[in-house]
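A.B. asks: Dropping a structure here in structure tokens format, bear with me for questions.
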Ligand code: GAP
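Here it is as structure tokens:
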């Protein structure tokens, strides 16, 4: 199965099992907007809680807030979003479709890389075991020619985007003979800058209404509250403020399911430090955030850092944590050293002092900031995509069965325990419900009595439930149940009174938090 096929299956599975639905589906959907279903929201809440507790509970000097989505419009002037939060766009005059110019060029580059990979594959087949791939890439004239083309176009793209030379961006599209994927024509408009913020009006009468924006990041809600929190919480530098919540961006190229959406959630933390100490803290948070990711046990080799060469206007260092999705390594989290840009700019635009008096140095200064910014939906997608597994199972009678199992880290799974009476009579449903009533206060449990036990197991495998128990006639005699483990499919008989302890060890957030 190719990675593309796997991804298609994953999207279908997420819908079929109540994880993610297209928004307003009965009206044919709203592009790049999604709703979380009954299982999706449970898992999303678990991820959010894991992040929140790792930040606010495990660090004495980090507290949380929940700022409003609407903010004073000047906020976005100060942050630079009104002036510079743009994408370069181009329209095809025949199909009337709009594209991000840089994405068209990146797709072209990807096609050239695919050409190189095809040459390598062909040569591999031809030379067999004696094939030296590195040598081939370094010496094959066809490969070298394409690699050189990629390098030249990439350099031109980066420098034209950097300098805002939109004529040159259009020229690259023409030089590469890029066609519109819909019309197949090269009939392009000029490239224009397009601001990604959504606007709305606040006020009851439209003439006096003020234009305000839906926040494109949660970070600014933290910056404008920095002094409120510092003073009321008597926080001493270094300290952090964490927040999770919705952000909105009018993404033109919204692709890959919930990877890039127009309405999404961020989990951000701004860490305020002494000027001059920011690089130390930047390295500290890079390492600490990577540890958080790896603690979920999805495979250490699936993560890597990507250091930014081209820095945003506010940063003096930045790295992404990338994860290997079915469509390649992509950013999930950014760790940015944001200098004093945001606080100084808010100080200037608001006219309010945002300085901190440091009792240790007897100085007042505007703190520097290290930001960790992770997408909740992207984290959800990375867990789902690495959890999705199709398995063939050879049964005792030699026949082969198949199952789809979501190997979600147990602490993050939407449902922790499936509770099944063997049959719908003889007092077994009542006994099963009694056991469940005891456990549901602490764990998300689901009662199921329809279909064979095998089918019930499959349904719970498909949503990633780590444990299922079956209540049978023996339970009525000795209070034991059969517990079945999702990953190994092993079954054992245990005292019902031990269930809490067995579950607690595997499914509580403690199992993850302890590793940090
Ligand atoms: N405050 C810094 C900031 O917003 P960013 O790199 O633009 O930085 C941080 O966004 C994270 O938010 C990204 O790493 C990604 O996980 C998530 N994110 C950004 N745009 C997104 C979108 N359109 N859909 C889903 N997640 C997105």
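In my numbering, the protein residues as written are 5 to 520. Just so you know, even glycine gets a beta-carbon here, dropped at the ideal spot from N, CA and C. Being a predicted model, the structure only gives us computed values, none of them experimental.
At the level of alpha carbons, what is the spacing between residue 287 and residue 308?
C.D. replies: 15 Å
A.B. asks: For a minimum of 4 consecutive residues, which ranges assigned as the alpha helix (DSSP H) are wholly contained in the segment 355-438?
C.D. replies: Fully enclosed alpha helix (DSSP H) runs of 4 or longer: 380-391.
A.B. asks: Please name the residue in 194, 205, 271 whose C-alpha comes closest to that of residue 226.
C.D. replies: Nearest C-alpha to residue 226: 271.
A.B. asks: For residue 316, does the three-state DSSP call read helix, strand or coil?
C.D. replies: coil
A.B. asks: Quick check: what's the CA-CA separation for residue 416 versus residue 329?
C.D. replies: Their backbone Cα atoms lie some 19 Å apart in a straight line.
A.B. asks: CB of residue 247 to nearest heavy atom of ligand 2: below 8 Å?
C.D. replies: For ligand 2, the structure offers nothing, since it holds only ligand 1.
A.B. asks: Considering only residues of the segment 453-493, which uninterrupted beta strand (DSSP E) runs meet the minimum length of 3 residues and lie entirely inside it, listed in chain order?
C.D. replies: 471-475, 484-489
A.B. asks: Assign residue 499 to buried or exposed, taking buried as 16 or more other Cβ atoms, counted over all protein chains shown, within 10 Å of its Cβ.
C.D. replies: exposed
A.B. asks: Between the Cα of residue 275 and the Cα atoms of 373, 26, 49, 72, which residue gives the shortest distance?
C.D. replies: Per the Cα distances, 373.
A.B. asks: What residues match up with residue 93 in a beta bridge as DSSP calls it?
C.D. replies: 104, 196
A.B. asks: Any idea what DSSP makes of residue 299, helix, strand or coil?
C.D. replies: coil
A.B. asks: With DSSP collapsed to three states, give me the class of residue 256.
C.D. replies: coil
A.B. asks: Does the Cβ of residue 282 have 16 or more other Cβ atoms within 10 Å, making it buried, or fewer, making it exposed?
C.D. replies: buried
A.B. asks: How far does the beta strand (DSSP E) with residue 203 in it extend, from its first residue to its last?
C.D. replies: 203-206
A.B. asks: Can you name the start and end residues of the beta strand (DSSP E) that residue 308 belongs to?
C.D. replies: 307-311
A.B. asks: Expressed to the nearest angstrom, what Euclidean distance is found between the alpha-carbon atoms of residue 179 and residue 121?
C.D. replies: 23 Å
A.B. asks: Which residue from 230, 465, 285 puts its Cα closest to that of residue 490?
C.D. replies: 465
A.B. asks: Is the segment 183-192 in contact with the segment 95-110, if contact means three or more CB pairs nearer than 8 Å?
C.D. replies: yes
A.B. asks: Quick check on DSSP: helix, strand or coil for residue 68?
C.D. replies: In the structure shown, residue 68 adopts extended strand secondary structure according to DSSP, grouped into three states.
A.B. asks: Please determine whether the Cβ atom of residue 106 lies at a distance below 8 Å from any heavy atom of ligand 1.
C.D. replies: no
A.B. asks: Indicate, with yes or no, if ligand 1 has a heavy atom lying under 8 Å from the CB of residue 88.
C.D. replies: no
A.B. asks: Any heavy atom of ligand 1 closer than 8 Å to the Cβ of residue 222?
C.D. replies: yes
A.B. asks: In the DSSP assignment, what residue or residues form a beta bridge with residue 224?
C.D. replies: Partner(s): none; residue 224 has no beta bridge.
A.B. asks: Hey, is the segment 387-399 in contact with the segment 286-305, meaning 3+ C-beta pairs nearer than 8 Å?
C.D. replies: yes
A.B. asks: Would you kindly check if the distance between the Cβ of residue 73 and the Cβ of residue 218 is under 9 Å?
C.D. replies: yes
A.B. asks: For the beta strand (DSSP E) holding residue 333, just list the boundary residues, first then last.
C.D. replies: From DSSP, the beta strand (DSSP E) with residue 333 extends over 332-343.
A.B. asks: Check whether the segment 353-362 touches the segment 252-261, counting contact only when three or more Cβ pairs, one atom from each stretch, lie closer than 8 Å.
C.D. replies: Touching, no.
A.B. asks: Are there any heavy atoms of ligand 1 lying less than 8 Å away from the beta-carbon of residue 340, as far as the coordinates show?
C.D. replies: yes
A.B. asks: Does residue 2 pass the burial test, meaning 16 or more other C-beta atoms within 10 Å, or should it be called exposed?
C.D. replies: Any question about residue 2 goes unanswered here, given that the chain covers just 5 to 520.
A.B. asks: Is it the case that the CB of residue 378 approaches a heavy atom of ligand 1 more closely than 8 Å?
C.D. replies: yes
A.B. asks: Beta carbon of residue 93, beta carbon of residue 196: below 9 Å?
C.D. replies: yes
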